[in-house]
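**Student:** Chains as they are written, first to last, in the working numbering: chain P, 163 to 605; chain X, 79 to 411.
Beta carbons are placed, not taken as given, at the ideal position from N, Cα and C, and that holds for glycine.
Just passing along the structure, written as structure tokens.
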């Protein structure tokens, strides 16, 4: 019996059509727009102005608060403007727009391909490098990684968990990274272990990636304390709390963090980025993005400079199909629908999905038939049907008592609902209203 | 590029099931039981089932169109399921006019008066059935003989059900070992060669349908298992204490409406609890009430009443029985 999390979950069609497509490096685009808010927390402060020339890897926006991080130019060229552009969230955000000239990298970056295994750096220095390089959680949450490496006083990390679940349908970016950058990943994991001062790291990978499991298992022997754990395919296994439960059978308390149960979770992409930052002095300026969808001619996995417009990726995947109805940044369960093709790829963009018109629109909702499917699949043990009806009736006290804030918005309830009720839409309404109420109570 | 893109919040992909597919899945699961019934009761089973389904769909359409003035939703299949289940709870010689009245009560009072699908607190088919049982006690408790009544309808030869024989015999002080000789054997009870309601006779067909519902994930196992287990334990204790005054658990489970009720009636979505724990409470309650009515009550069978009584507790169960929240115990402990 393969391990998984015990409560709830769904199994949408996997559609991992790009799993066997090696990572292709996308040519550097003509212009990039690099938003200053690509992470959870405070937007970074721009350090460049119109007319400045920059090199790839040069700092262009500085961490502005405790929960914030640095942002670097992904290309060399001239700053056209520092202005608002629409990003993947659909909102207009400040971004540094750069016209590309050549491809000159900052001299301090080691662009060589050879593996650099050893480090003389201390844990503290690894943490600082992580902040300097602007590394954030690449699984999609984009939480600044250096903060997760600083264990709060009184807490102790016992095990590092590496998230290779990639439970979202379609996405294969992490899968390819595990196959093609296995050694770098392993060194990255050792660096993270050093920063956290732990002896043990567990890589959780869903069983639909047998080649990645095999490859990393064969490498793991060479890296002390690192082990690979196949997991049963079940969405949302890549959610931090569910992965922890599946691997070490501990439950992160409601409102708590993984460190409360002695662990820290990092994505495989993040671990590779940490390797590059620490060993090669390379900031986070490019990432792997899966471009997929049934009608695309050439779906694939692309190494993309941060700030590249989505349109460039779709061109590389064979151009926009005529029947396109929806474009999603991320996976089909938690991703965001885009309203424009000019939106820039950000640090957290794991995939671009092109859906045909017949899959773009939702079906008409019907009455709740009280089938209880949403209750049985909710991985957090909530009652989505009840949160919906209470939110609809604006019974906020009840919404709060029914623990709406525990919802991580995985979308399993809306996915399973046979009446096609927009359960998660109402739960989001409940969450935002209740968090406002909680904030006003604290004041 | 001037193409307009659809923008909506996640998720962007959905499961394969919808209300219609679930309802037609239930109908499919009920077909083996119908086939066995047509084999044993012949034309009567077909007429009663057809009249019941057509009237239920017809009343739902008329009520939605002319009273509620909403778009009729008869194509979702829920009215057909109610009609089929109502027929399954009726004898095969019931006159057409009584069936139509029963269908009106089921759909009109049991379902639409509460707002339609998903809003009704009581199982609509059972509301109709119990109304008919109280209003037409003679017609509702005359049972055509299996096989013998194949070509007859309201004029069918009738006899007693195994539960009638058992109840009256025990009341007259006849030992159960002697009564067991007067009722069909276990194999006949399992296949369905006995008097009774159209859909309840064949344990084999009902279990087959139940397995389909479980495999298709249309129902979860909690309710059927908790009901049947409770009945087995309860009747087992009584039988163990005095085997000459109480029938054994196998007899209880194979006769009357227990399997039809446990698999198809008590699992009705709108009228059963939302959590696994709640389903257990509900199932155990139904089991205890059913046996209590069978052994000490005035009726030989108590499944319909037991389900309706526990239906009434469902809102309370849903209010107080919560799923185990992720991360809850550690915080409290």
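With residue 212 of chain P and residue 179 of chain P assumed to form a contact (beta carbons below 8 Å), what rounded beta-carbon distance in angstroms separates them?
**Tutor:** As a first step, residue 212 of chain P must be located in the first chain, where it is residue number 50. As a first step, residue 179 of chain P must be located in the first chain, where it is residue number 17. Contact between residue 212 of chain P and residue 179 of chain P does not hold, since their C-beta atoms are separated by about 42 Å, which reaches or exceeds 8 Å.
**Student:** In chain X, which residues lie with their C-beta within 7 Å of the C-beta of residue 501 of chain P?
**Tutor:** In the first chain, residue 501 of chain P corresponds to position 339, counting from 1. 83, 85, listed in chain order.
**Student:** Run through chain X and tell me which residues come within less than 9 Å of residue 522 of chain P, C-beta to C-beta.
**Tutor:** Indexing the first chain from 1 puts residue 522 of chain P at position 360. What residue 522 of chain P touches in chain X: 83, 84, 86, 90.
**Student:** Run through the DSSP bridge pairs and tell me what residue 214 of chain P is partnered with.
**Tutor:** Here the question's residue 214 of chain P lines up with position 52 in the first chain. Looking at the DSSP assignment, residue 214 of chain P forms no beta bridge with any residue, so it has no partner.
**Student:** May I have the straight-line CA-CA distance separating residue 299 of chain X from residue 447 of chain P, to the nearest angstrom?
**Tutor:** Mapped onto the second chain, residue 299 of chain X falls at position 221. Mapped onto the first chain, residue 447 of chain P falls at position 285. One C-alpha to the other measures close to 52 Å.
**Student:** Considering only C-alpha positions, which residue in the set X:127, X:351, X:333, X:201 is nearest to residue 263 of chain X?
**Tutor:** Translated into the one-based positions of the second chain, residue 263 of chain X becomes position 185. Here the closest residue by C-alpha is X:333.
**Student:** For residue 113 of chain X, count neighbouring Cβ atoms within 10 angstroms of its own Cβ and tell me buried if that reaches 16, exposed if not.
**Tutor:** Taking the second chain and counting its residues from 1, the one referred to as residue 113 of chain X is at position 35. It is exposed - the Cβ of residue 113 of chain X has fewer than 16 other Cβ atoms within 10 Å.
**Student:** Does the distance from the C-beta atom of residue 573 of chain P to that of residue 396 of chain P stay below 9 Å?
**Tutor:** Start at 1 with the first residue of the first chain, and residue 573 of chain P comes out as number 411. Start at 1 with the first residue of the first chain, and residue 396 of chain P comes out as number 234. Contact flag unset, no.
**Student:** Kindly indicate if chain P contains any beta-carbon less than 9 Å away from that of residue 264 of chain X.
**Tutor:** Taking the first residue of the second chain as 1, we reach residue 264 of chain X at position 186. Not one chain P Cβ lies under 9 Å of residue 264 of chain X.
**Student:** For residue 343 of chain P, which option in P:445, P:544, P:277, P:510 has the closest C-alpha, if you only look at C-alpha atoms?
**Tutor:** Counting from one through the first chain, the residue named residue 343 of chain P turns up at place 181. Here the closest residue by C-alpha is P:277.
**Student:** Do you know how far the Cα of residue 308 of chain X is from the Cα of residue 181 of chain X?
**Tutor:** The residue you call residue 181 of chain X lines up with position 103 of the second chain. The residue you call residue 308 of chain X lines up with position 230 of the second chain. Looking at the two C-alpha atoms, the distance is approximately 31 Å.
**Student:** Below 8 Å on C-beta distance, what does residue 347 of chain X contact in chain P?
**Tutor:** Position 269 of the second chain, counted from the first residue, corresponds to residue 347 of chain X. Those are 531, 532, 533, 534, listed as they occur along chain P.
**Student:** Mind reading off the beta-carbon distance from residue 361 of chain X to residue 301 of chain X? Whole number of angstroms is fine, and I expect it under 8 Å.
**Tutor:** Sequence index remark: in the second chain, residue 361 of chain X carries index 283 (1-based). Sequence index remark: in the second chain, residue 301 of chain X carries index 223 (1-based). The pair is a contact, with the Cβ atoms about 5 Å apart (cut-off 8 Å).
**Student:** For the segment 371-414 of chain P, which segments carrying the beta strand (DSSP E) assignment without a break, of at least 3 residues, lie completely within its bounds, in sequence order?
**Tutor:** 388-393
**Student:** I'd like the ranges of any beta strand (DSSP E) spanning at least 3 consecutive residues and lying wholly in the segment 492-533 of chain P.
**Tutor:** 498-500, 513-518
**Student:** Are the beta-carbon atoms belonging to residue 479 of chain P and residue 454 of chain P less than 9 Å from one another?
**Tutor:** The count along the first chain starts at 1 and reaches residue 479 of chain P at position 317. The count along the first chain starts at 1 and reaches residue 454 of chain P at position 292. For residue 479 of chain P and residue 454 of chain P, yes; Cβs fall inside 9 Å.
**Student:** What is the rounded straight-line gap between the Cα of residue 98 of chain X and the Cα of residue 582 of chain P?
**Tutor:** On the second chain, residue 98 of chain X is found 20 positions in, with the first residue counted as 1. On the first chain, residue 582 of chain P is found 420 positions in, with the first residue counted as 1. Cα to Cα, residue 98 of chain X sits roughly 12 Å from residue 582 of chain P.
**Student:** Would you say residue 207 of chain X faces chain P, with C-beta separation under 9 Å as the test?
**Tutor:** Start at 1 with the first residue of the second chain, and residue 207 of chain X comes out as number 129. Residue 207 of chain X does not count as touching chain P.
**Student:** Is the beta carbon of residue 490 of chain P sitting closer than 9 Å to the one on residue 499 of chain P?
**Tutor:** In the first chain, residue 490 of chain P corresponds to position 328, counting from 1. In the first chain, residue 499 of chain P corresponds to position 337, counting from 1. By the CB criterion at 9 Å, residue 490 of chain P and residue 499 of chain P fall inside the cutoff.
**Student:** Closest Cβ-Cβ distance between residue 49 of chain X and chain P: below 9 Å?
**Tutor:** The question about residue 49 of chain X has no answer here: the residues shown for chain X are numbered 79 through 411.
**Student:** Look at the alpha carbon of residue 303 of chain X and the alpha carbon of residue 331 of chain X, and state the distance between them as a whole number of angstroms.
**Tutor:** Numbered from its first residue, the second chain carries residue 303 of chain X at position 225. Numbered from its first residue, the second chain carries residue 331 of chain X at position 253. Approximately 12 Å, taken between the alpha carbons.
**Student:** Kindly list, in the order they appear in chain X, the residues whose Cβ is closer than 9 Å to that of residue 490 of chain P.
**Tutor:** Stepping through the first chain from its first residue, residue 490 of chain P is reached at position 328. The contacting residues are 88, 90.
**Student:** Just the C-alpha distance for residue 585 of chain P and residue 540 of chain P, rounded to the nearest angstrom, thanks.
**Tutor:** Indexing the first chain from 1 puts residue 585 of chain P at position 423. Indexing the first chain from 1 puts residue 540 of chain P at position 378. Each residue's Cα considered, the two are about 12 Å apart.
**Student:** Taking Cβ positions only, does residue 354 of chain X come closer than 9 Å to chain C?
**Tutor:** Within the model displayed, chain C is absent; protein chains P and X are what it includes.
**Student:** Which residue spans inside the segment 316-351 of chain X form an unbroken alpha helix (DSSP H) run of at least 4?
**Tutor:** Listed in chain order, the complete alpha helix (DSSP H) runs (minimum 4 residues) inside the segment 316-351 of chain X are 327-332.
**Student:** Does residue 255 of chain P get closer than 9 Å to chain X when you measure Cβ to Cβ?
**Tutor:** Position 93 of the first chain, counting from 1, holds the residue named residue 255 of chain P. No, because no Cβ of chain X sits closer than 9 Å to the Cβ of residue 255 of chain P.
**Student:** Using a Cβ-Cβ cut-off of less than 9 Å, list which residues of the segment 445-462 of chain P approach chain X; keep chain order.
**Tutor:** Residues passing the 9 Å Cβ filter: none.
**Student:** Would you be able to state if there are at least three C-beta pairs under 8 Å between the segment 397-410 of chain P and the segment 372-379 of chain P?
**Tutor:** no
**Student:** Please identify the residue among X:177, X:247, X:275 whose C-alpha is closest to the C-alpha of residue 338 of chain X.
**Tutor:** The residue given as residue 338 of chain X occupies position 260 in the second chain. When each option's Cα is compared against that of residue 338 of chain X, the closest is X:275.
**Student:** By the criterion of Cβ-Cβ separation under 7 Å, what are the contact partners of residue 298 of chain X in chain P?
**Tutor:** Counting from 1 along the second chain, the entry for residue 298 of chain X is found at position 220. Neighbours of residue 298 of chain X on chain P, chain order: 538.
**Student:** Can you list, in chain order, the residues of its chain with a C-beta nearer than 6 Å to that of residue 381 of chain P? Leave out the 5 residues immediately preceding and following it.
**Tutor:** On the first chain, residue 381 of chain P is found 219 positions in, with the first residue counted as 1. Within the same chain, residue 381 of chain P has close Cβ partners 344, 348.
**Student:** Can you name, in chain order, every residue of its own chain whose Cβ lies under 6 Å from the Cβ of residue 239 of chain P, other than the five neighbours on each side?
**Tutor:** Position 77 of the first chain, counted from the first residue, corresponds to residue 239 of chain P. So the qualifying residues of the chain are 260, 261, 262, 263.
**Student:** Closer than 8 Å by beta-carbon distance: list the chain P residues that pair up with residue 402 of chain X, in chain order.
**Tutor:** For this step, residue 402 of chain X is matched to residue 324 along the second chain. Correct list: 169, 543.
**Student:** Name, please, each residue of chain X whose Cβ falls closer than 7 Å to the Cβ of residue 587 of chain P.
**Tutor:** The count along the first chain starts at 1 and reaches residue 587 of chain P at position 425. Here the neighbours are 87.
**Student:** Could you tell me whether the Cβ of residue 495 of chain P comes closer than 9 Å to any Cβ of chain X?
**Tutor:** Along the first chain, read from residue 1 onward, the residue named residue 495 of chain P stands at position 333. Answer yes: the Cβ-Cβ gap between residue 495 of chain P and chain X drops below 9 Å somewhere.
**Student:** Does the Cβ-Cβ distance between residue 382 of chain X and residue 267 of chain X come in under 9 Å?
**Tutor:** Here residue 382 of chain X corresponds to residue number 304 of the second chain, with the count starting at 1. Here residue 267 of chain X corresponds to residue number 189 of the second chain, with the count starting at 1. Contact: no.
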